[in-house]
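What follows is one structure encoded as structure tokens, with my remarks underneath.
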Amino acid sequence: MNSRSNYNLSSLLILLFFLSNFVFSQSNGYKVVIDAGHGGKDPGNRGNGYYEKNIVLNIALEVGKKLEKLNYKVIYTRKDDRFVDLFKRAQIANNSNADLFISIHCDAHSSNAYGAGTFVLGLHANDRNFQIAKKENSVIFLEENYEQKYDGFDPNNPESVISLVLMQEEYLDQSILAANQIQKSFVNNLKRKNRTVKQAGFIVLKYTYMPSVLIETGFLTNKTEGQYLNSKKGQLEMAQAISDAINKYFLNLNGNVSYNTLEISNSTNKDVFEFKVRIATGSKMIPLKSYNFKGLKSLSLKQNSKLYMYYFGSSNNIDDARKNLIRAKSAGYKDAFIELFKNNKLYSIDKYLNEIEN
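Take 56 as the starting number for the sequence shown in this note's numbering and just add one per residue.
Below, the structure is given as structure tokens:
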């Protein structure tokens with residue numbers, strides 16, 4: 056190979072190096088809050104004598120280290136064995152303007168249950184989800200003035216959960232995408248039993264103004280799984296799976312539904328506003344036939360690269376949308392909620408109402 060060829064090859068390699076670094080840097084700059092559950096006077100689960108608060112702290116710190124190596128900005132809700140109330144954890148995330156909130160926990164059960172699962176905020180689909188959320192939410196009883204701080208929320212009352220869901224609705228799609236990536240990483244990379252992505256009313260997820268996921272890394276009450284989670288090997292593997300999934304989530308974020316579409320712009324008379332009632336979200340395409348949707352008609356579908364979102368009704372005013380919401384809930388869609396679209400793009404209902412009032 057002559058000197059000119061060597062020069063061209065060297066130039067090409069240098070160019071590729073800078074391009075790869077440029078592309079890499081473009082996928083970063085995101086802020087991630089890592090929340091190690093429990094801590095201090097709240098030990099969390101103590102199945103088989105293990106301390107949840109210690110295990111999740113070790114995993115959280117490892118996740119943070121791995122993300123920092125990928126140039127993510129990492130914020131921790133705690134870095135040592137201290138008690139942090141649930142409201143403060145969300146406040147830390149909001150004050151940092153984070154792009155993602157991840158809360159890490161360990162599960163427990165009277166049976167020999169095992170496996171890893173992820174949760175996003177939502178109404179309890181079944182009693183098991185309610186029991187998990189109730190257990191995690193009960194930490195508020197250790198906080199001073201919890202009744203005032205959480206507006207009378209009662210972890211033991213399923214009806215208290217309904218008010219939790221409303222604030223996180225606009226981030227639900229991103230939360231589900233992040234949770235799916237984490238769950239796939241557990242199952243595909245670590246061969247963990249798949250306890251799937253579920254919805255439940257966790258207080259720690261309510262007050263965050265960003266996509267948020269709660270992870271149950273496994274059951275300390277299961278002898279084998281408890282040993283695994285308490286081991287250095289298990290904690291490092293779980294941290295690697297979580298950090299890999301978070302990185303994939305952000306790399307895949309372009310092209311998916313983004314909450315940035317909620318940013319307001321000056322309205323004109325040409326703007327078209329449309330209220331729809333979201334009744335379901337899933338990864339599979341379902342034909343828009345009334346018999347597939349509990350007899351409801353006037354159905355529509357929106358799709359991003361990962362999920363299908365199913366809607367009932369269409370109206371240009373909030374009052375009609377509320378009537379449609381009542382119909383959807385009466386049909387059995389208890390988790391249904393209203394979304395507003397401006398010129399076919401997701402738009403903030405609160406900002407819309409403020410606009411028309413002013």
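Every residue gets a Cβ at the ideal spot worked out from N, C-alpha and C, and that includes glycine.
Given the structure is predicted, the values throughout are model-derived calculations rather than measurements.
Euclidean distance between Cα positions of residue i and residue j
i: K124; j: G170; result: 28 angstroms
i: M340; j: L356; result: 9 angstroms
i: F274; j: F328; result: 47 angstroms
i: I159; j: I270; result: 5 angstroms
i: N100; j: A168; result: 14 angstroms
i: K303; j: F174; result: 18 angstroms
i: D390; j: A91; result: 28 angstroms
i: K349; j: N379; result: 14 angstroms
i: Y419; j: K400; result: In this structure the chain extends from 56 to 413, so residue 419 is not present and cannot be described.
i: D405; j: Q254; result: 24 angstroms
i: I373; j: L408; result: 9 angstroms
i: S298; j: F257; result: 22 angstroms
i: S345; j: A383; result: 12 angstroms
i: L245; j: N150; result: 34 angstroms
i: F392; j: R250; result: 26 angstroms
i: D375; j: Y262; result: 29 angstroms
i: K108; j: F396; result: 42 angstroms
i: E394; j: Y402; result: 8 angstroms
i: Q236; j: V252; result: 10 angstroms
i: N324; j: G84; result: With a pLDDT of only 45 at N324, under 50, the local geometry of the prediction cannot be trusted, and the value read off the model is given with reservation. Going by the C-alpha atoms only, they are around 38 angstroms apart.
Same chain, Cβ closer than 6 angstroms to residue i, neighbours up to 5 away in sequence not counted
i: K128; result: K86
i: P266; result: L155, Y226, Q229, S230 and A233
i: V259; result: L141, R144 and S158
i: A148; result: V88, F156 and T263
i: A446; result: This structure cannot speak to residue 446, because the chain is shown only from 56 to 413.
Anticipated Cβ contact below 8 angstroms, residue i with residue j, distance rounded
i: G95; j: R144; result: Not confirmed; about 13 angstroms, so no contact.
i: L351; j: F367; result: 5 angstroms
i: A163; j: G119; result: With a Cβ gap of about 25 angstroms, A163 and G119 do not count as contacting.
i: C161; j: T272; result: 5 angstroms
Three-state secondary structure assigned by DSSP to residue i
i: Y402; result: strand
i: R183; result: Note that R183 has pLDDT 43, beneath the 50 cutoff, so the model's placement of it is unreliable and no number is given.
i: T279; result: helix
i: G310; result: Unreliable positioning characterises G310 in this predicted model, as indicated by a pLDDT of 39, which lies under 50. A coordinate reading is not provided.
i: I157; result: strand
i: R247; result: coil
i: I334; result: strand
i: F348; result: coil
i: F138; result: coil
i: Y365; result: strand
i: L343; result: coil
i: A300; result: helix
i: V259; result: helix
Spatial neighbours of residue i in its chain, beta-carbon cut-off 8 angstroms, leaving aside the 5 residues before and after
i: T336; result: L227, D228, I231, L362, Y363, M364 and Y365
i: S369; result: E329, F330, K331, S353 and S355
Proximity test, residue i beta-carbon vs the ligand HEM heavy atom, cut-off 7 angstroms
i: V129; result: Judged by which ligands are present, the structure shown has none, so any question about the ligand HEM falls away.
Exercise for the section: Could you tell me which uninterrupted alpha helix (DSSP H) segments, each at least 4 residues in length, are contained entirely in the stretch 93–134, listed from first to last along the chain? Expected result: The DSSP assignment places 107–124 as complete runs of the alpha helix (DSSP H) inside the stretch 93–134, in order along the chain (cut-off: 4 residues).
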